[in-house]
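Just so we're aligned: 166 in numbering that gives the first Met the number 0 is position 167 of the sequence shown, and the numbers increase by one with no gaps anywhere.
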Amino acid sequence: MATTRRPMMAANWKMNKTVVEAEQYMAALLPRVAGAEGVDVAVYAPFTSLPAVARMAEDSEVIPGAQNFYHEDSGAFTGEISAPMLLDLGIGSVVVGHSERREIFEESDDLVARKTGRALEAGLIPVVCVGETKEERDSGKMWGKVSGQVRAVVEGLGDVSAESLVFAYEPIWAIGTGDTATPDDAQDASDKIRNLLKELKGEDFASGVRILYGGSVKPENVGEIMSKPDVDGGLVGGASLKADSFIALVEEAQNHAS
Ligand code: 13P
Numbered sequence: 000m001a002t003t004r005r006p007m008m009a010a011n012w013k014m015n016k017t018v019v020e021a022e023q024y025m026a027a028l029l030p031r032v033a034g035a036e037g038v039d040v041a042v043y044a045p046f047t048s049l050p051a052v053a054r055m056a057e058d059s060e061v062i063p064g065a066q067n068f069y070h071e072d073s074g075a076f077t078g079e080i081s082a083p084m085l086l087d088l089g090i091g092s093v094v095v096g097h098s099e100r101r102e103i104f105e106e107s108d109d110l111v112a113r114k115t116g117r118a119l120e121a122g123l124i125p126v127v128c129v130g131e132t133k134e135e136r137d138s139g140k141m142w143g144k145v146s147g148q149v150r151a152v153v154e155g156l157g158d159v160s161a162e163s164l165v166f167a168y169e170p171i172w173a174i175g176t177g178d179t180a181t182p183d184d185a186q187d188a189s190d191k192i193r194n195l196l197k198e199l200k201g202e203d204f205a206s207g208v209r210i211l212y213g214g215s216v217k218p219e220n221v222g223e224i225m226s227k228p229d230v231d232g233g234l235v236g237g238a239s240l241k242a243d244s245f246i247a248l249v250e251e252a253q254n255h256a257s
C-alpha cells in the first residue's frame, strides 16, 4: 500500500552555537523556509538556545526541537530537563537515543525506550536514532544491532499514530566523517526497519512512520539519498550549522514532497 509520508529535514546543531549565534541563524533561516510547502523543517538546538529558537519559530512552520531530555517530569535529577519544561518553551520534538548519547553517555536501549514513550505521551515527536558501528557492519552485525534498537523502542509502545514517531538511521561510521552511506545502504536499512515495524505494529503503522537518514548528509548528496523510496528525509549535523547550507537541504527536500 502506497502511503504518502511528509518529508522532514532536521538540523541537529549538537553542542554548537551561543544564543546570539542561534538568533542570527534563525533570522537567516526563517524567511527562506517560510514557503517550504510539504516538508517538515526542524531545528534541534542546545538547551541554552531553545528559548530563543522557540520564540523566533513561533509564527513559522519550523519545529523547534531539543536534542535530549529525561523521562521523569520533575525531581532530584540534577542536570536534567523534562518534557513539561520543553513543552513550556513551545518545543515540538526531541531527538532520542542519538549515537553520541548512547556511546559517550552510555544510554541503554531501555532508557531510550522510556524516553521515547514519555515523549509520545507528552506530545513531543521523538526522533529515535539507531545505527551500527563500523566494526558491527564489517562483522555482519549491522541488522542485529539496529533491529534490537528498534525492537526495544517499539515493543513497549501503546497505541500511537505513525505520524507521531520518527526514526533516524544514522550509521555511526558515517557521522561527522564525510564517509556517507551509499543511497543503497540508506535504503536497505530503512527498508529493513520498515519491515520490522510492519511485523511489530502492522502495515498501516509501518507505512506511515518516517525514517530519516543521518551521517555526512550535505546539499550535494541529499537528493540521491532522498530519492530512495524508504528514506523520508535527513537528520543533519555538520552541514546544518550554516543557515545557507541547511536552506539548500530544505530546498532539495521540497523536490521530494508530493
Ligand atoms: P553529520 O551530518 O555531521 O555527519 O552528523 C549526523 C548526525 O549525527 C545528525 O544527528
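Think of the CB as a built atom: it goes at the ideal place given N, C-alpha and C, for glycine as much as any other residue. Computed from a predicted structure; not experimentally measured.
What would DSSP say about Phe104, mapped onto helix, strand or coil? The residue given as residue 104 occupies position 105 in the sequence shown. Correct three-state label for Phe104: coil.
Which two residues bound the contiguous beta strand (DSSP E) that contains Arg209? Mapped onto the sequence shown, residue 209 falls at position 210. Where Arg209 is concerned, the enclosing beta strand (DSSP E) stretches over Arg209 to Tyr212.
Hey, could you find the ends of the alpha helix (DSSP H) Ile171 is sitting in? As a working note, residue 171 is residue 172 in the sequence shown. Looking at the DSSP string, Ile171 is not in any alpha helix (DSSP H), and its letter there is neither H nor E.
Please name the residue or residues paired with Val165 in a DSSP beta bridge. Along the sequence shown, read from residue 1 onward, the residue named residue 165 stands at position 166. Residue pairing for Val165: DSSP places it in a beta bridge opposite Val126 and Arg209.
In angstroms, rounded to a whole number, what distance separates the CA positions of Thr305 and Val152? An answer regarding residue 305 cannot be provided, because it is not within the stretch 0 to 257 covered by the chain.
Do Leu234 and Gly213 have their C-beta atoms closer together than 7 Å? If you number the sequence shown from 1, residue 234 lands on position 235. If you number the sequence shown from 1, residue 213 lands on position 214. One thing to note: Leu234 has its Cβ within 7 Å of the Cβ of Gly213.
Contact test: Val149 Cβ vs the ligand NAD heavy atom, cutoff 6 Å: Looking at this structure, you won't find the ligand NAD anywhere; what it does contain is the ligand 13P.
Is Asp183 helix, strand or coil when you go by DSSP? The residue labelled residue 183 in the question sits at position 184 within the sequence shown. Asp183: helix per DSSP, three-state reduction.
What's the C-alpha gap between Ala51 and Val18? Reading the sequence shown from its first residue, position 52 is the one you call residue 51. Reading the sequence shown from its first residue, position 19 is the one you call residue 18. Their Cα atoms are separated by approximately 7 Å.
Length of the line joining the Cα atoms of Gly78 and Ala56: To locate residue 78, count along the sequence shown from 1; it is residue 79. To locate residue 56, count along the sequence shown from 1; it is residue 57. Answer to the nearest angstrom: the Cα atoms are 26 Å apart.
Unbroken beta strand (DSSP E) runs of length 3 or more, entirely within the segment 31 to 98: which are they? Those beta strand (DSSP E) runs which fall completely within the segment 31 to 98 and span 3+ residues are 39 to 44, 62 to 65 and 92 to 95.
Terminal residues of the continuous beta strand (DSSP E) containing Met141? Start at 1 with the first residue of the sequence shown, and residue 141 comes out as number 142. That residue, Met141, is in no beta strand (DSSP E); its alpha helix (DSSP H) goes Met141 to Val153.
Whole angstroms is fine: what's the gap from Glu135's alpha carbon to Ala121's? Taking the sequence shown and counting its residues from 1, the one referred to as residue 135 is at position 136. Taking the sequence shown and counting its residues from 1, the one referred to as residue 121 is at position 122. Between Glu135 and Ala121, the C-alpha separation is close to 34 Å.
Report all residues from its chain with a CB closer than 6 Å to the CB of Glu251; omit the five preceding and five following residues, and keep chain order. The sequence position of residue 251 within the sequence shown is 252, counting from 1. Excluding positions up to five away in sequence, the list reads Val221 and Gly222.
Quick test of your reading: Glu60 and Val40, contact by CB under 8 Å. State the CB separation rounded to the nearest angstrom. As a position in the sequence shown, residue 60 is number 61, starting the count at 1. As a position in the sequence shown, residue 40 is number 41, starting the count at 1. Rounded to whole angstroms, the Cβ separation of Glu60 and Val40 is 7 Å, and the two are in contact under 8 Å.
For Pro63, which of Ala21, Ala75, Ser189 and Asp72 has the nearest alpha-carbon? On the sequence shown, residue 63 is found 64 positions in, with the first residue counted as 1. Out of Ala21, Ala75, Ser189 and Asp72, the CA that lies nearest to the CA of Pro63 is found in Ala21.
Exposed or buried, Asn67, counting other C-beta atoms within 10 Å across all chains shown (16 or more means buried)? The count along the sequence shown starts at 1 and reaches residue 67 at position 68. The residue is buried, with at least 16 neighbouring Cβ atoms inside 10 Å.
Distance, Gly143 Cα to Val249 Cα: The count along the sequence shown starts at 1 and reaches residue 249 at position 250. The count along the sequence shown starts at 1 and reaches residue 143 at position 144. Gly143 has its alpha-carbon roughly 32 Å from the corresponding atom of Val249.
Could you compute how far the alpha carbon of Ile246 sits from the alpha carbon of Val165? On the sequence shown, position 247 is the one that residue 246 refers to. On the sequence shown, position 166 is the one that residue 165 refers to. Approximately 21 Å between the Cα atoms of the pair.
Euclidean distance between Cα positions of Lys13 and Ser48: In the sequence shown, the residue the question calls residue 13 occupies position 14. In the sequence shown, the residue the question calls residue 48 occupies position 49. Looking at the two C-alpha atoms, the distance is approximately 11 Å.
Taking the Cβ atom as the reference point for each residue, do Pro125 and Val145 lie within a distance shorter than 7 Å? Residue numbering aside, residue 125 sits at position 126 when the sequence shown is read from its first letter. Residue numbering aside, residue 145 sits at position 146 when the sequence shown is read from its first letter. One thing to note: Pro125 has its Cβ no nearer than 7 Å to the Cβ of Val145.
Buried or exposed: Glu162, going by 16 or more other Cβ atoms within 10 Å of its Cβ? On the sequence shown, position 163 is the one that residue 162 refers to. Label assigned to Glu162: exposed.
So Asp190 packs on Gln148, CB below 8 Å; how close in whole Å? The sequence position of residue 190 within the sequence shown is 191, counting from 1. The sequence position of residue 148 within the sequence shown is 149, counting from 1. Rounded to whole angstroms, the Cβ separation of Asp190 and Gln148 is 16 Å, and the two are not in contact under 8 Å.
Element boundaries [beta strand (DSSP E), containing Gly232]: Indexing the sequence shown from 1 puts residue 232 at position 233. Residues Gly232 to Val235.
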